[in-house]
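Q:
In my numbering, the protein residues as written are 13 to 269.
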């Protein structure tokens with residue numbers, strides 16, 4: 013079964029074509045159109061340049077949030093394209109065009125809520141890298157991904173297809189706990205981060221800098237420092253234990269002097 017899978021975008025419209033986990037094509041497209049009428053025309057003309065799309069059996073289109081009207085329009089245009097030129101055309105192999113929930117591409121173990129958006133993007137890239145490392149893919153696709161400035165969009169298009177296909181390697185990767193594959197790098201906060209809000213990397217740096225010996229000490233730190241407390245609430249819902257686990261801080265191994 014051939015699957016073409018789309019991560020919806022205008023400047024960064026990504027698609028992957030796979031067969032049994034093997035990447036057949038992988039593209040990142042820039043649709044330059046500013047208005048809706050021009051966008052529709054350009055999208056059709058652009059997709060027509062890739063006849064292998066209509067040689068697929070299934071078209072997957074990532075479902076967009078209801079509040080994002082512009083992306084909902086692109087979603088509908090893609091769906092219409094594959095219904096008209098695919099499902100209803102005797103010259104195409106497309107049998108279904110599916111609006112596919114974004115929740116599938118990262119599996120059960122992922123970051124939740126609006127505050128986890130950037131973390132989900134990082135997780136998507138990491139899982140995609142691991143998939144490429146563990147499977148035999150064409151070198152040109154490995155190079156495409158490694159050199160791309162939009163790895164997250166390429167990754168989303170591929171992982172979505174793999175999730176639909178129920179690919180064994182993908183399911184193994186998506187079943188792994190987040191903290192086993194996404195190590196947080198400790199980074200000192202910049203003045204801008206101090207002002208705008210601390211990242212997980214900043215929190216780890218601050219936690220490691222204090223070198224406390226008990227969870228109570230870290231709890232007191234969040235109470236005494238509003239910026240740290242706000243970040244712990246944002247990223248970990250005030251669960252200090254979870255933060256310490258992600259930061260690889262083992263209190264049992266800390267010896268007080």
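Backbone N, C-alpha and C define an ideal beta-carbon position, used for all residues, glycine too.
Can you check whether the CB of residue 243 is closer than 8 Å to the CB of residue 210?
A: Yes.
Q: How do the region 87 to 104 and the region 145 to 157 stand: do at least 3 beta-carbon pairs fall below 8 Å, yes or no?
A: Verdict: no, contact absent.
Q: To which residues of the same chain is residue 17 closer than 6 Å at the C-beta, ignoring the five residues directly before and after it?
A: Closer than 6 Å at Cβ, skipping near neighbours: 28, 72, 169, 172, 173.
Q: For residue 53 and residue 201, what's the separation of their Cα atoms in angstroms?
A: Their Cα atoms are separated by approximately 46 Å.
Q: Are there three or more Cβ pairs, one per stretch, closer than 8 Å when the region 210 to 229 is compared with the region 246 to 261?
A: Flag = yes, the region 210 to 229 and the region 246 to 261 touch.
Q: Can you tell me which of 48, 59, 230, 33 puts its alpha carbon nearest to the alpha carbon of residue 84?
A: Ranking 48, 59, 230, 33 by Cα distance to residue 84 puts 48 first.
Q: Could you tell me which residues DSSP puts in a beta bridge with residue 38?
A: BP columns for residue 38 point to 28.
Q: Would the beta-carbon of residue 229 fall within 8 Å of that of residue 21?
A: Taking 8 Å as the Cβ cut-off, residue 229 and residue 21 do not qualify as a contacting pair.
Q: Should residue 267 go down as buried or exposed, given a rule of 16 or more other Cβ atoms within 10 Å for buried?
A: Bear in mind that the predicted position of residue 267 carries a pLDDT of just 38, short of 50, making it unreliable; the figure below should be weighed with that in mind. With fewer than 16 Cβ atoms within 10 Å of its Cβ, residue 267 is classed as exposed.
Q: If I follow the unbroken beta strand (DSSP E) through residue 14, where does it start and stop?
A: Note, residue 14: beta strand (DSSP E), 14 to 19.
Q: Which same chain residues end up closer than 8 Å to residue 271 when comparing Cβ atoms and leaving out the 5 residues on each side of it in sequence?
A: Because the chain here runs from 13 to 269, residue 271 falls outside it and cannot be looked at.
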